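Just so we're aligned, residue 0 is where the sequence shown starts under numbering that gives the first Met the number 0, counting upward by one.
Where a beta carbon is used, it is the ideal one built from N, C-alpha and C, also for glycine.
Just so we're clear, the structure is a prediction, and the values are computed from it rather than from any experiment.
For reference, the structure is listed below as structure tokens.
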Amino acid sequence: MRTQVVIVGGGPSGMLLGQLLHRKGIDTVVLERRTREHVLSRIRAGILEQGLVALMGEAGVGDRLKAESYLHEGTLIAHNDQMFGINFQNLIGQSVVLYGQTEVTRDLYDAREKAGAEIVFEAEDVSLHDADSDAPFVTYRKDGEARRIDCDFIAGCDGFHGVSRRSIPAAVRTEYEKVYPFGWLGILSETPPVNDELIYANSKDGFALCSMRNASLSRYYVQCSLGDDVGDWSDTRFWDTLRHRLPDEVGEALVTGPSIEKSIAPLRSFVSEPMRWGRLFLCGDAAHIVPPTGAKGLNTAASDVHYLYQGLLQFYQEKDSEGLDRYSEKALARVWKAERFSWWMTSILHRFPDQSPFDLRMQAAELAFLRDSEDAQRVMAANYVGLPY
Ligand code: FAS
Ligand code: PHB
């Protein structure tokens with residue numbers, strides 16, 4: 000079999016790239032290791048930058064997002080019992096949108112299947128070959144049958160644990176990593192959100208985040224120890240911990256209920272350079288990871304997709320490889336700014352086991368400066384709503 004672009008990974012990166020290319024008549028095949036149901040069962044991001052919203056529109060899958068998403072003009076930040084708001088719309092005239100990553104991926108699956116474009120689910124042993132040549136190909140197994148796809152390009156959209164990044168020789172790769180000494184325990188509950196806006200809370204016992212998916216579906220997170228297992232956290236323990244980390248007036252308004260999803264995510268900052276090797280291009284979590292504090296993971300995957308999509312269009316429509324040749328440089332320039340912002344948000348909102356009294360004072364000063372200075376809030380707003388592509 001032959002296609003123009005093989006896309007490894009059927010998460011948001013791979014599906015968005017595939018749908019954008021498909022609409023321009025560029026043939027792709029998506030190879031996804033898991034089932035459709037498994038991918039859609041993963042509860043992840045919730046905040047979308049306008050850049051991603053625009054890409055979903057360009058991909059022809061913006062209607063449900065437009066109808067069912069929530070515009071978030073700002074956020075609340077709590078430090079111990081004090082809480083203040085940062086209004087992005089008033090400060091810089093831009094907002095973000097709340098729409099679950101699960102729904103983004105579902106919309107992309109539905110559109111691709113409606114267009115009859117191929118997604119191979121449960122593709123096993125995907126392996127990349129001759130990516131540094133002019134004739135790359137990909138092999139995999141489906142229902143026990145060995146298959147091969149010859150292609151012009153390979154898009155590695157298979158996340159942090161995928162095969163694509165590891166297909167670039169270690170001697171070519173430079174990796175940067177910071178592992179945080181805590182994780183996030185997240186739950187989904189069919190309860191009304193405690194507030195219309197998100198609340199990021201830094202309390203003496205650790206971080207908490209109040210988010211949502213809709214008016215009757217809440218998403219909450221608490222900082223937890225790296226050694227914790229989900230089984231250590233009953234719903235009661237979770238709700239007590241969350242309430243304890245929120246300002247009193249918020250904790251008192253909290254509506255609790257049974258969790259319908261509960262998972263622990265480790266936190267790391269990670270970048271692998273370069274994001275291109277020959278005819279292999281890495282996109283999204285395959286190339287970089289951010290702690291979810293700044294809501295940048297999915298949104299930075301989207302800007303990668305934008306740069307790669309434009310580069311492939313330029314190649315196929317104008318026979319010009321300039322966009323592809325500059326892909327890694329352009330994508331990484333924005334990736335590192337997202338890494339910085341996510342690291343900064345994580346550093347001012349979490350309690351670190353080795354923090355000295357001086358460190359705690361620095362954290363308090365950062366939060367006080369953010370509370371009191373419109374200039375500081377403008378900088379935070381510009382990063383949170385998304386820097387330009
Ligand atoms: P993904 O990991 O989403 O998708 C990669 C796909 O490739 C998967 O479907 C996988 O099954 C498939 N794959 C892997 N190996 C393969 C192989 N060898 N062959 C074929 N397919 C293969 N970001 C936020 O902004 N906010 C959040 O709150 C947030 N929470 C997160 C919680 C968790 C537990 C994790 C892991 C991430 C979270 N993120 C969050 C980041 C997340 O949203 C990612 O940025 C986003 O999923 C990136 O999308 P992809 O690059 O498509 O990678
Ligand atoms: C979420 O709604 O899942 C969410 C929102 C903001 C974040 C992280 C996660 O920073």
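Remark: the C-beta of ARG43 is in contact range of the ligand FAS, defined as less than 6 Å to any heavy atom. Around the beta-carbon of HIS160, fewer than 16 other beta-carbon atoms lie within 10 Å, marking it exposed. Segment contact: the region 259 to 266 against the region 184 to 191, three or more CB-CB distances shorter than 8 Å; contact assigned. Between the region 266 to 276 and the region 243 to 254, the count of C-beta pairs closer than 8 Å stays below three; the two stretches do not touch. From the listed residues THR190, LYS141, ILE76, ARG41, the smallest Cα separation to ASP371 is found for ILE76. Following the DSSP letters along the chain, one finds GLN81 in no alpha helix (DSSP H) but inside the beta strand (DSSP E) bounded by residues 81 to 86. For VAL162 against ILE148, the beta-carbon gap comes to about 14 Å, at or over 8 Å, which does not count as contact.
By the 16-neighbour rule on beta-carbons within 10 angstroms, LYS113 is exposed.
Measuring C-alpha to C-alpha distances from GLY283 to each of VAL7, GLU248, THR235, GLU102 identifies VAL7 as the nearest. Counting only runs of at least 4 residues, the region 36 to 74 fully encloses the following alpha helix (DSSP H) elements, listed from N- to C-terminal order: 49 to 57, 62 to 67. Around SER341, the same chain offers SER268, VAL289, PRO290, THR292, GLY293, LYS295 as residues with beta carbons nearer than 7 Å, after the five sequence neighbours per side are excluded.
Check the Cα spacing between GLN100 and each of ASP133, VAL178, MET14: the tightest is with MET14. DSSP places PRO273 outside both helix and strand once states are collapsed to three, so it counts as coil. Distances taken from the Cβ of PRO291 to the heavy atoms of the ligand PHB include one shorter than 6 Å. The three-state reading of DSSP puts PHE368 in helix, counting H, G and I together.
LEU127 sits in a strand when the DSSP states are folded into three classes.
The Cβ atoms of ASP303 and ALA332 do not sit closer than 7 Å to each other. Measuring C-alpha to C-alpha distances from GLN362 to each of ALA380, LEU312, PHE206, TYR383 identifies PHE206 as the nearest. Its Cα nearest to that of GLU189, the residue ALA214 stands out among LEU208, ASP228, ALA214.
In summary, PRO11 is buried, with 16 or more beta-carbon neighbours lying within 10 Å of its beta-carbon over all protein chains present.
Sequence-distant Cβ neighbours of LEU369 in its own chain, meaning closer than 6 Å and more than five residues away, are ALA375. Unbroken alpha helix (DSSP H) runs of no fewer than 4 residues, entirely contained in the region 90 to 117, are found at 100 to 113, following chain order. Among the bridge pairs identified by DSSP, TRP183 is matched with GLN222, ALA264.
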